[in-house]
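Residues 1 to 530 in UniProt numbering are what the sequence shown lists, from first letter to last.
No residue lacks a Cβ here, since even glycine has one placed at the ideal position from N, Cα and C.
For reference, the structure is listed below as structure tokens.
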Amino acid sequence: MGEQRSPDEKFQLITRNLQEVLGEERLKEILKERELKVYWGTATTGKPHVAYFVPMSKIADFLKAGCEVTILFADLHAYLDNMKAPWELLELRVQYYEQIIKAMLESIGVPLDKLKFVKGTDYQLSREYTLDVYRLSSMVTEHDAKKAGAEVVKQVEHPLLSGLLYPGLQALDEEYLKVDAQFGGVDQRKIFTLAEKYLPSLGYTKRIHMMNPMVPGLTGGKMSSSEEESKIDLLDKNQEVKKKLKRAFCEPGNVENNGVLSFVKHVLFPLHSEFIIKRDPKWGGDKVYTDYEEVDMDFAAEQIHPGDLKASVELALNKLLDPIRKKFETPELKKLTASAYPEPSKNKGGAKGNPKQTVDEEEVIPSRLDIRVGKVISVEKHPDADSLYLEKIDVGEEQPRTVVMSGLVAYLSQEQLQDRLVVLLCNLKPQKMRGIESQAMLICASIEGEPRKVEPLDPPEGSAPGDRVYVEGYESGKPDDELKPKKKVFEKLQVDLKISGECVAQWKEQNLMTKLGQITCKTLKGGNIS
Numbered sequence: 001m002g003e004q005r006s007p008d009e010k011f012q013l014i015t016r017n018l019q020e021v022l023g024e025e026r027l028k029e030i031l032k033e034r035e036l037k038v039y040w041g042t043a044t045t046g047k048p049h050v051a052y053f054v055p056m057s058k059i060a061d062f063l064k065a066g067c068e069v070t071i072l073f074a075d076l077h078a079y080l081d082n083m084k085a086p087w088e089l090l091e092l093r094v095q096y097y098e099q100i101i102k103a104m105l106e107s108i109g110v111p112l113d114k115l116k117f118v119k120g121t122d123y124q125l126s127r128e129y130t131l132d133v134y135r136l137s138s139m140v141t142e143h144d145a146k147k148a149g150a151e152v153v154k155q156v157e158h159p160l161l162s163g164l165l166y167p168g169l170q171a172l173d174e175e176y177l178k179v180d181a182q183f184g185g186v187d188q189r190k191i192f193t194l195a196e197k198y199l200p201s202l203g204y205t206k207r208i209h210m211m212n213p214m215v216p217g218l219t220g221g222k223m224s225s226s227e228e229e230s231k232i233d234l235l236d237k238n239q240e241v242k243k244k245l246k247r248a249f250c251e252p253g254n255v256e257n258n259g260v261l262s263f264v265k266h267v268l269f270p271l272h273s274e275f276i277i278k279r280d281p282k283w284g285g286d287k288v289y290t291d292y293e294e295v296d297m298d299f300a301a302e303q304i305h306p307g308d309l310k311a312s313v314e315l316a317l318n319k320l321l322d323p324i325r326k327k328f329e330t331p332e333l334k335k336l337t338a339s340a341y342p343e344p345s346k347n348k349g350g351a352k353g354n355p356k357q358t359v360d361e362e363e364v365i366p367s368r369l370d371i372r373v374g375k376v377i378s379v380e381k382h383p384d385a386d387s388l389y390l391e392k393i394d395v396g397e398e399q400p401r402t403v404v405m406s407g408l409v410a411y412l413s414q415e416q417l418q419d420r421l422v423v424l425l426c427n428l429k430p431q432k433m434r435g436i437e438s439q440a441m442l443i444c445a446s447i448e449g450e451p452r453k454v455e456p457l458d459p460p461e462g463s464a465p466g467d468r469v470y471v472e473g474y475e476s477g478k479p480d481d482e483l484k485p486k487k488k489v490f491e492k493l494q495v496d497l498k499i500s501g502e503c504v505a506q507w508k509e510q511n512l513m514t515k516l517g518q519i520t521c522k523t524l525k526g527g528n529i530s
């Protein structure tokens, strides 16, 4: 692979589809002299999903260009990032990542013998590396460390020291892996610039940094391991892939934040150099595209129907996933998967001395709540009751939900609610109010007194209808399909829902978040949430 290509051809192959390269001239110089040494690292936290095919396809490009490629399983980083991977699961997570990443590479035809695989703790616990961590920590300010990790390390109100160490360790990895370049997503940019600033201060060479764009998830934002609705797992069955793609954001003519189109651009085209839209002969039959820009233009002009695009991506994606799913059908890998990612309920035994304690009582946790960002489309008085509001709210589904508001009407005007983003609980059992079924509940902050003060919760800027809202530390759980009224799950959790002194919504002092940041309110410090 990579033979008989000119330096310019190698450069074009290495940099195609990248969003940014820091150090282009240095890259060109190296390619004139020898092959490039590059590494890609992944923290072994949540299960890899289909967006991982984006860096995999670039790794295929690097190998075609003759690069020497190292893949780092960053187990220590997984622990330092607010313990996303518990210490006792680190080794199991590394084993899972190694098996699943190798299966992905094999599914796209990448020869594994051309790659070098390294585990972070194989060298990050050495005397030399540890001394360099201390040397670096004497130079990097708290401000620079926090800023560098802002888009990668989980952001919390009271950050742990471990999260501040994370960016520096990633910078040192470039030296200890003896590479010319590091490759990652554009969300890593601040860590890359920290490395460029501080490695020379340790006497080490400034490296090249190559960045992929972030592929939108199925809901339109960043595809995330912690958001079930935004991602397709590599082991999802065919029907689950179909269901998730069917729900994916893919508005006719809209090519912005379209995760389905992005997958075509960044995975399918680099791998196959073409894409086939499958459609009924009465709508023109199948069409073969050999240039992504044509796909983009035809979708923007509504020459490609979202349903046809999704069906075609589903077919191509399942071809990539089939060999991975087959490999993980073995008893050994099934056991590894279950051990590396145990179900939350299996980690929690019943209370001692109380064998009658039920699973429901043990598992009253925030991840059971289906809380989402919604956008108010319309607000009007209930036709049969002036004391009730009738709202239509977009929550990222095909049809808006109807929400009947009662107790808050006295404190919120129609104008305050119209066209604004709100936070909703979407899995309460629907109930009729004066003959009209309410399909969700608006969540607000309030402070009792004379008069009572009420404010809707505010999602972070840039949020979209359907974005999942979760409590830090409970990102990976799956919400109940419907909360049973007799179990009073929301009522039990609501007791610990509060507004902090910084106007951040919290449960037991853990922030309510979306993928874009914290849920807040305007002014009601110390208020309740209901």
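By DSSP, does residue i sit in helix, in strand, or in coil?
{"i": "Pro355", "result": "Confidence in Pro355 is poor, its pLDDT being 40 and thus under 50, which makes the residue's placement unreliable; the coordinate value appears in the next sentence. Reduced to three states, the DSSP call for Pro355 is coil."}
{"i": "Met210", "result": "strand"}
{"i": "Gln99", "result": "helix"}
{"i": "Asp286", "result": "coil"}
{"i": "Tyr204", "result": "coil"}
{"i": "Gly349", "result": "Legend: pLDDT at Gly349 = 42, less than 50; position of this residue unreliable, value from coordinates given subsequently. Reduced to three states, the DSSP call for Gly349 is coil."}
{"i": "Ala464", "result": "coil"}
{"i": "Met297", "result": "helix"}
{"i": "Thr523", "result": "coil"}
{"i": "Leu497", "result": "strand"}
{"i": "Pro216", "result": "strand"}
{"i": "Ile324", "result": "helix"}
{"i": "Ile232", "result": "coil"}
{"i": "Ile529", "result": "strand"}
{"i": "Asp360", "result": "Residue placement at Asp360 is poorly supported in this model, since its pLDDT is 40, which falls under 50; the coordinates still yield a value, given next. Helix at Asp360."}
{"i": "Phe249", "result": "coil"}
{"i": "Ser107", "result": "helix"}
{"i": "Met505", "result": "Note that residue 505 is Ala in the sequence shown here, rather than Met. Strand."}
{"i": "Tyr470", "result": "strand"}
{"i": "Gln170", "result": "helix"}
{"i": "Gly517", "result": "strand"}
{"i": "Glu175", "result": "helix"}
{"i": "Leu160", "result": "coil"}
{"i": "Met13", "result": "Note that residue 13 is Leu in the sequence shown, not Met. If DSSP states are grouped into helix, strand and coil, Leu13 belongs with the helices."}
{"i": "Leu125", "result": "coil"}
For residue i, which option in the options has the closest C-alpha, if you only look at C-alpha atoms?
{"i": "Phe263", "options": "Glu251, Val313, Ile276 and Asp144", "result": "Val313"}
{"i": "Ile14", "options": "Asn212, Pro111 and Leu105", "result": "Asn212"}
{"i": "Lys381", "options": "Glu398, Thr402 and Pro366", "result": "Thr402"}
{"i": "Lys522", "options": "Ala145, Cys503 and Ser162", "result": "Cys503"}
{"i": "Lys392", "options": "Gln431, Asp384, Ile371 and Leu442", "result": "Leu442"}
{"i": "Lys32", "options": "Glu482, Gln4 and Ala171", "result": "Gln4"}
{"i": "Met190", "options": "Tyr129, Ala148, Ala181 and Val153", "result": "The question names Met, but residue 190 in the sequence shown is Lys. The shortest Cα separation from Lys190 among Tyr129, Ala148, Ala181 and Val153 belongs to Ala148."}
{"i": "Ile187", "options": "Val215, Leu177, Tyr176 and Lys197", "result": "The sequence shown places Asp at residue 187, rather than the Ile named in the question. Out of Val215, Leu177, Tyr176 and Lys197, Val215 has the C-alpha closest to the C-alpha of Asp187."}
{"i": "Glu98", "options": "Asp496, Val489, Glu397 and Thr337", "result": "Thr337"}
{"i": "Glu256", "options": "Phe299, Leu493, Val38 and Asp173", "result": "Phe299"}
{"i": "Glu428", "options": "Val21, Cys444, Pro479 and Ala316", "result": "As written in the sequence, residue 428 is Leu, which differs from the Glu given in the question. Of the candidates Val21, Cys444, Pro479 and Ala316, the one whose C-alpha sits nearest the C-alpha of Leu428 is Pro479."}
{"i": "Lys206", "options": "Leu80, Phe117, Glu24 and Ser162", "result": "Glu24"}
{"i": "Lys334", "options": "Pro48, Leu27 and Tyr96", "result": "Tyr96"}
The alpha helix (DSSP H) with residue i in it runs from where to where?
{"i": "Lys453", "result": "Unbroken run through Lys453 is the beta strand (DSSP E), Lys453 to Pro456; no alpha helix (DSSP H)."}
{"i": "Gly259", "result": "Gly259 to Phe263"}
{"i": "Ala445", "result": "Unbroken run through Ala445 is the beta strand (DSSP E), Cys444 to Ile447; no alpha helix (DSSP H)."}
{"i": "Ile276", "result": "Counting along the chain, Ile276 falls outside any alpha helix (DSSP H), though it belongs to the beta strand (DSSP E) covering Phe275 to Ile277."}
{"i": "Gly368", "result": "Strictly speaking, residue 368 in this sequence is Arg, with Gly absent from that position. Per DSSP, Arg368 belongs to no alpha helix (DSSP H) and is neither H nor E."}
{"i": "Lys146", "result": "Glu142 to Ala148"}
{"i": "Glu196", "result": "Arg189 to Tyr198"}
From what residue to what residue does the beta strand (DSSP E) around residue i run?
{"i": "Ser378", "result": "Ile371 to His382"}
{"i": "Glu330", "result": "Checking the displayed sequence, the identity of residue 330 turns out to be Thr instead of Glu. Premise fails: Thr330 is in no beta strand (DSSP E) and is neither H nor E."}
{"i": "Thr514", "result": "Gln510 to Thr514"}
{"i": "Gly184", "result": "Ala181 to Gly185"}
{"i": "Lys116", "result": "Leu115 to Lys119"}
Buried or exposed: where does residue i fall if 16 or more other Cβ atoms within 10 Å of its Cβ makes it buried?
{"i": "Leu234", "result": "buried"}
{"i": "Lys498", "result": "buried"}
{"i": "Pro252", "result": "exposed"}
{"i": "Leu524", "result": "buried"}
{"i": "Asp467", "result": "buried"}
{"i": "Val469", "result": "buried"}
{"i": "Leu271", "result": "buried"}
{"i": "Glu482", "result": "exposed"}
{"i": "Cys258", "result": "Looking at the sequence provided, one finds Asn at residue 258 rather than Cys. The residue in question, Asn258, is buried, as its Cβ has 16 or more Cβ neighbours within 10 Å."}
{"i": "Ser6", "result": "exposed"}
{"i": "Thr514", "result": "buried"}
{"i": "Arg372", "result": "buried"}
Check the Cβ-Cβ distances between residue i and every residue of chain B, and say whether any is below 7 Å.
{"i": "Pro460", "result": "Absent from the structure is chain B; it holds one protein chain and no more."}
>> Which complete alpha helix (DSSP H) runs does the stretch 389-442 hold, if anything under 4 residues is left out?
In response: Whole alpha helix (DSSP H) segments, 4+ residues: 414-417.
> Can you list, in chain order, the stretches of the beta strand (DSSP E) that have 3 or more residues and sit fully within the stretch 15-90?
Replying inline: You should have 20-22, 37-43 and 68-74.
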